[in-house]
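Chains as they are written, first to last, in the numbering used here: chain A, 1 to 271; chain B, 272 to 433. For each residue, glycine too, the CB sits at the ideal point set by N, CA and C. Accompanying notes for the structure given below.
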């Protein structure tokens with residue numbers, strides 16, 4: 001049985017010679033520049049395939065336990081990042097508020113002390129005296145009873161009603177314990193005393209029935225209190241009612257400050 | 272001519288990248304696949320003449336040797352030898368292009384490949400002649416994996432050629 005090699009002998013010899021030549025050139029380092037060039041050209045391509053293969057290999061060799069462990073680690077990391085994110089958001093909000101305070105203080109001529117709200121009064125106390133906040137400044141910082149407290153926009157939120165060495169309690173405007181001598185920015189420059197009502201609204205007492213009060217009139221501190229400077233914005237009139245049998249008008253204010261998102265407040269110190 | 276040279280270069284680079292970069296990083300069983308051998312088996316059926324095949328696999332061997340941990344010349348000698356062997360088998364025994372032909376050719380070529388590897392590594396001192404049983408240990412995996420690959424490629428090529 002004859003077999004065909006199907007290979008031209010001359011071509012085969014030529015091929016063997018080329019093979020031999022390549023081997024000699026390599027071992028004599030003559031082929032080094034071409035080898036380096038080839039390596040430089042092919043390496044990036046092989047690298048791409050290597051990474052693909054490596055990723056596939058990792059995916060194929062991972063067991064269910066590996067995925068579970070990885071999931072646990074990722075869950076813990078996610079929790080940690082959520083907390084960090086929340087802290088960062090709080091810091092960002094405080095940053096904005098502080099910047100707004102700086103803007104307010106730039107215009108305001110009063111001395112002021114920034115304080116953090118650290119607690120709100122507990123339920124039972126609130127039932128008796130209305131809502132109040134606890135701030136982290138006290139008598140050691142120069143605070144005392146009666147000082148007004150504002151938000152970052154300079155709008156009054158309440159007044160200090162009790163002081164300890166390191167903390168103070170601030171009653172909110174809507175609290176019955178919170179009273180301010182106010183003046184309305186109307187044509188008559190009406191004076192009165194504001195008082196919180198049911199923790200929801202503010203009523204102005206001692207307003208004569210002859211006073212012309214329009215809904216929308218702004219109410220500011222009158223300056224008649226030793227501890228409260230004049231001109232601090234308190235609220236806006238949202239109700240003015242005259243009853244025939246009453247001596248005084250029923251005037252209500254809506255507070256201009258939002259009490260729900262308070263974190264930092266400013267205590268106004270008299271000059 | 273330049274088009275031919277360029278296409279050969281592309282084939283060489285791709286084959287080297289796939290075998291050395293991709294397949295070698297896969298876990299056991301998959302890393303026993305031999306793309307070089309599969310290319311040698313299918314090349315005769317693409318009407319590529321022997322001289323071109325020898326040249327192609329010579330330069331593929333050169334590229335592979337640059338990235339190989341074996342001695343320089345291992346692939347340079349192995350691949351052309353496998354080309355000659357495959358050509359001999361195709362010309363004399365496997366003229367019919369059926370799946371069975373390919374699988375039988377593949378089986379023989381895997382045996383030849385393993386034998387030649389062992390021989391070259393033993394001659395050049397990398398392994399001892401007595402360690403032939405080590406090659407036999409992975410022979411079953413080589414056989415299974417590469418015959419599977421031959422089957423897949425056969426069907427792919429058949430579909431493309433239709």
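Worksheet item: Using a Cβ-Cβ distance under 8 Å, would residue 64/A count as near chain B?
Response: Along the first chain, read from residue 1 onward, the residue named residue 64/A stands at position 64. It does not; no Cβ of chain B falls within 8 Å.
Practice prompt. With 8 Å as the threshold, decide whether the Cβ of residue 24/A is near any Cβ in chain B.
Written response: One-based indexing of the first chain puts residue 24/A at position 24. Cβ-Cβ to chain B under 8 Å: no for residue 24/A.
Worksheet item: Ordered along the chain, which non-local residues of its own chain (more than five positions away) have a Cβ less than 6 Å from that of residue 338/B?
Response: Taking the second chain and counting its residues from 1, the one referred to as residue 338/B is at position 67. Correct list, in chain order: 291.
Worksheet item: Is it true that the CB of residue 53/A sits closer than 8 Å to the CB of residue 294/B?
Response: Walking along the second chain from the start, residue 294/B turns up at place 23. Walking along the first chain from the start, residue 53/A turns up at place 53. Against a cut-off of 8 Å, the Cβ pair of residue 53/A and residue 294/B comes out as a contact.
Fill in: Under 7 Å by beta carbon: chain A residues contacting residue 297/B
As a first step, residue 297/B must be located in the second chain, where it is residue number 26. What residue 297/B touches in chain A: 53, 56 and 57.
Worksheet item: Just reading off the alpha helix (DSSP H) that residue 183/A is part of, what are its end residues?
Response: Mapped onto the first chain, residue 183/A falls at position 183. No alpha helix (DSSP H) contains residue 183/A, which is instead part of the beta strand (DSSP E) from 179 to 184.
Worksheet entry | Start and end residues, alpha helix (DSSP H) containing residue 323/B | On the second chain, residue 323/B is found 52 positions in, with the first residue counted as 1. That run of the alpha helix (DSSP H) goes 321 to 338.
Discussion item. Which residue wins for smallest C-alpha separation from residue 188/A, given the options 171/A, 166/A, 219/A and 66/A?
Written reply: One-based indexing of the first chain puts residue 188/A at position 188. Nearest of 171/A, 166/A, 219/A and 66/A to residue 188/A, Cα basis: 219/A.
Discussion item. If you follow the alpha helix (DSSP H) that residue 375/B is in, where does it begin and where does it stop?
Written reply: Numbered from its first residue, the second chain carries residue 375/B at position 104. Start and end: 370 to 394.
Discussion item. So residue 15/A contacts chain B; which residues on that side make the cut at Cβ distance below 9 Å?
Written reply: Position 15 of the first chain, counted from the start, is the residue given in the question as residue 15/A. Those within 9 Å of residue 15/A in chain B are 322, 325, 326, 329 and 351.
Worksheet item: Name the DSSP beta bridge partners of residue 208/A, please?
Response: The count along the first chain starts at 1 and reaches residue 208/A at position 208. Beta-bridge pairing links residue 208/A to 248/A.
Worksheet item: If you count every other CB in all the chains shown that lies within 10 Å of the CB of residue 75/A, and 16 or more means buried, which is it?
Response: As a working note, residue 75/A is residue 75 in the first chain. Answer is exposed; the Cβ neighbour count stays below 16.
Discussion item. I'd like the list of long-range same chain contacts for residue 361/B, defined as Cβ closer than 8 Å, with 5 residues on each side in sequence excluded.
Written reply: Stepping through the second chain from its first residue, residue 361/B is reached at position 90. These residues qualify, in order along the chain: 315, 316 and 376.
Item to complete: Could you check if residue 26/A is buried or exposed, using at least 16 other CB atoms within 10 Å of its CB as the buried criterion?
Response: The residue given as residue 26/A occupies position 26 in the first chain. So residue 26/A ends up on the buried side.
Worksheet item: Whose C-beta lies closer than 8 Å to the C-beta of residue 390/B among residues of the same chain, with five residues either side of it excluded?
Response: By 1-based counting over the second chain, the position of residue 390/B is 119. Nothing meets the Cβ criterion.
Worksheet item: Could you give the distance in angstroms between the alpha-carbon of residue 260/A and the alpha-carbon of residue 133/A?
Response: To locate residue 260/A, count along the first chain from 1; it is residue 260. To locate residue 133/A, count along the first chain from 1; it is residue 133. Rounded to whole angstroms, residue 260/A to residue 133/A spans 11 Å at the Cα level.
Worksheet item: Mind checking whether residue 221/A and residue 148/A have CB atoms under 8 Å apart?
Response: To locate residue 221/A, count along the first chain from 1; it is residue 221. To locate residue 148/A, count along the first chain from 1; it is residue 148. Result yes, Cβ atoms of residue 221/A and residue 148/A sit closer than 8 Å.
Item to complete: Kindly indicate the opening and closing residues of the alpha helix (DSSP H) around residue 426/B.
Response: Here residue 426/B refers to the residue found at position 155 of the second chain. Where residue 426/B is concerned, the enclosing alpha helix (DSSP H) stretches over 410 to 432.
Worksheet entry | chain A contact residues for residue 338/B, given Cβ-Cβ distances below 9 Å | Indexing the second chain from 1 puts residue 338/B at position 67. Correct list: 39, 42, 43 and 46.
Worksheet item: To which residues of the same chain is residue 97/A closer than 6 Å at the C-beta, ignoring the five residues directly before and after it?
Response: The residue given as residue 97/A occupies position 97 in the first chain. Setting aside the 5 residues that flank it on each side, residue 97/A is surrounded in the same chain by 152 and 264, each with a C-beta closer than 6 Å to its C-beta; the list follows chain order.
Discussion item. I'd like to know whether the C-beta of residue 412/B is nearer than 8 Å to at least one C-beta of chain A.
Written reply: Counted from its first residue, the second chain places residue 412/B at position 141. Taking Cβ atoms only, chain A never reaches closer than 8 Å to residue 412/B, which makes this a no.
Worksheet entry | residue 110/A to residue 77/A span [Cα, whole Å] | Within the first chain, numbered from 1, the residue matching residue 110/A stands at position 110. Within the first chain, numbered from 1, the residue matching residue 77/A stands at position 77. So the alpha carbons of these two residues sit roughly 47 Å apart.
Worksheet item: Expressed to the nearest angstrom, what Euclidean distance is found between the alpha-carbon atoms of residue 112/A and residue 248/A?
Response: As a first step, residue 112/A is located in the first chain; it is residue number 112 there, counting from the start. As a first step, residue 248/A is located in the first chain; it is residue number 248 there, counting from the start. Distance between the alpha carbons of residue 112/A and residue 248/A is about 36 Å.
Discussion item. Using only the alpha-carbon positions, how far apart do residue 411/B and residue 34/A sit?
Written reply: Locating residue 411/B in the second chain gives position 140, where the first residue counts as 1. Locating residue 34/A in the first chain gives position 34, where the first residue counts as 1. Going from the Cα of residue 411/B to the Cα of residue 34/A covers about 38 Å.
Fill in: 8 Å contact criterion, which residue 262/A and residue 117/A should meet: CB distance rounded
Within the first chain, residue 262/A is the residue found at index 262, counting from 1. Within the first chain, residue 117/A is the residue found at index 117, counting from 1. With 8 Å as the limit, residue 262/A and residue 117/A qualify as a contact, their Cβ atoms being about 5 Å apart.
Fill in: residue 201/A - DSSP class collapsed to helix/strand/coil
Your numbering for residue 201/A matches position 201 in the first chain. The answer is strand: DSSP assigns residue 201/A an E or B state.
Item to complete: Return the first residue and the last residue of the beta strand (DSSP E) that residue 240/A is part of.
Response: Your numbering for residue 240/A matches position 240 in the first chain. 233 to 241 is the extent of the beta strand (DSSP E) around residue 240/A.
Practice prompt. Take residue 179/A and list the residues in its own chain whose beta-carbon comes closer than 7 Å to its own, dropping the five residues that flank it on each side.
Written response: Position 179 of the first chain holds residue 179/A. 193, 194 and 195.
Fill in: Status (buried if at least 16 other CB within 10 Å, exposed otherwise) for residue 237/A
Within the first chain, the letter at position 237 stands for residue 237/A. Buried.
Worksheet item: Which residues share a DSSP beta bridge with residue 171/A?
Response: Taking the first residue of the first chain as position 1, residue 171/A is located at position 171. DSSP, once it has assigned bridges, lists 132/A and 159/A as partnering residue 171/A.
Worksheet item: In this structure, does DSSP put residue 257/A in helix, strand or coil?
Response: Translated into positions along the first chain, residue 257/A becomes position 257. Secondary structure of residue 257/A (DSSP, three-state): coil.
Discussion item. At the 8 Å Cβ level, is residue 334/B part of the contact set with chain A, yes or no?
Written reply: Within the second chain, residue 334/B is the residue found at index 63, counting from 1. Cβ-Cβ to chain A under 8 Å: yes for residue 334/B.
Item to complete: Spell out whether any CB of chain A is found under 8 Å from the CB atom of residue 284/B.
Response: On the second chain, position 13 is the one that residue 284/B refers to. Interface residue, yes.
Practice prompt. Taking the CB atoms as reference points, tell me whether residue 223/B and residue 42/A lie closer together than 8 Å.
Written response: Residue 223/B lies beyond the range of chain B shown here (272 to 433); nothing can be said about it.
Item to complete: Less than 8 Å between the CB atoms is what I'm expecting for residue 138/A and residue 164/A, so what's the real figure, rounded?
Response: Mapped onto the first chain, residue 138/A falls at position 138. Mapped onto the first chain, residue 164/A falls at position 164. Right, the Cβ-Cβ distance comes to about 5 Å (below 8 Å), so this counts as a contact.
Worksheet entry | Pair within 8 Å by beta-carbon distance, residue 146/A and residue 211/A | As a position in the first chain, residue 146/A is number 146, starting the count at 1. As a position in the first chain, residue 211/A is number 211, starting the count at 1. Cβ distance not < 8 Å, so residue 146/A and residue 211/A don't count as in contact.
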